[in-house]
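In UniProt numbering, the protein residues as written are 1 to 237.
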């Protein structure tokens, strides 16, 4: 790979493979069955989860997983020209990821409604939204056999591949990809879902190589926090 594709640092001083510092908070919405706030750089999102009885037919936005009686509906609250597209991408990512990690048999006769509220945007909104949604599901007591983590990569016109881009880096990008990995203390991280656009083969390979590494780094820090804040067990993730 040409060295120009991997500059030593970015405007904010990070290396190409460095994720911004992040912080999480649980129980930020009192009336929800589970909720979590995810702050990563200048992007901040809140996700809430509610259990709902499956007495009515699924709506047009319902995203059923392969697990029995598990329905996910996502809403992004931010006013944006790309909101509709981002909502669809988030639903697709979350649905694919939960198929591999969520133990849906524990939800017989129930569905899950997931709402994501974007408070501020400075890049990697979908990744932050999915991470917040996963933590809200854990806070609601949804058992998972792996901890799901999402990361975002962009490629610049100069050929650089950057993880966790800011909004300015996204605006200058020529391609991008969101990658979701299932992480576990028992096995290496594995890719379970992705959405990409505009990446050539070399850029995609670079993203696929780095996504598990980045997700593992985030998951390691999360696991240090989870036992102290979760109200329920979270499977064996």
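For glycine and all other residues, C-beta sits at the position ideal for the given N, C-alpha and C.
Distance check between residue 128 and each of 23, 15, 17 places 23 closest, using alpha-carbon atoms only. Residue 35 has 48 as its beta-bridge partners, per DSSP.
By the neighbour-count criterion, in which a residue is buried when 16 or more other Cβ atoms sit within 10 angstroms of its Cβ, residue 126 is buried. Counting C-beta pairs with one atom in each stretch, the region 33-51 and the region 147-159 have fewer than three that are closer than 8 Å, which means they do not touch.
Only buried fits residue 166, as 16 or more other CB atoms lie within 10 angstroms of its CB. Ranked by how close their Cα comes to the Cα of residue 194, the residues 160, 177, 138, 157 have 177 in first place. With a minimum length of 3 residues, the unbroken runs of beta strand (DSSP E) contained wholly in the region 174-205 fall at 190-197.
For residue 40, the three-state secondary structure derived from DSSP is strand. Here residue 111 carries a strand assignment [DSSP, helix/strand/coil].
Counting C-beta pairs with one atom in each stretch, the region 9-29 and the region 127-143 have three or more that are closer than 8 Å, which means they touch. Note that the C-beta distance between residue 219 and residue 183 is below 8 Å. Under the criterion of beta carbons closer than 8 Å, residue 143 and residue 49 do not qualify as touching, at roughly 13 Å. Nearest in C-alpha terms to residue 123, of all of 113, 170, 91, 115, is 170. Its Cα nearest to that of residue 214, the residue 180 stands out among 180, 30, 91.
No Cβ-Cβ contact shorter than 8 Å links residue 172 with residue 185. About 4 Å separates the beta carbon of residue 36 from that of residue 135, a gap short enough to meet the 8 Å contact definition. Straight through space, the alpha carbons of residue 94 and residue 192 are spaced by roughly 10 Å. About 7 Å separates the CB atoms of residue 110 and residue 52; that is less than 8 Å, so the two are in contact. For residue 92, there are no CB contacts under 6 Å within the same chain when 5 residues up- and downstream are skipped. Bounds of the alpha helix (DSSP H) holding residue 128 are 125-139. The alpha carbon of residue 34 has as its nearest neighbour, out of 138, 217, 198, the alpha carbon of 138. Note that the C-beta distance between residue 90 and residue 45 is not below 8 Å.
Between the beta-carbon of residue 205 and that of residue 196 there is about 12 Å, and that puts the pair past the 8 Å contact cut.
Ranked by Cα distance from residue 9, the first of 28, 163, 112, 199 is 163.
Annotation: residue 146 is outside any beta strand (DSSP E) and is labelled neither H nor E by DSSP.
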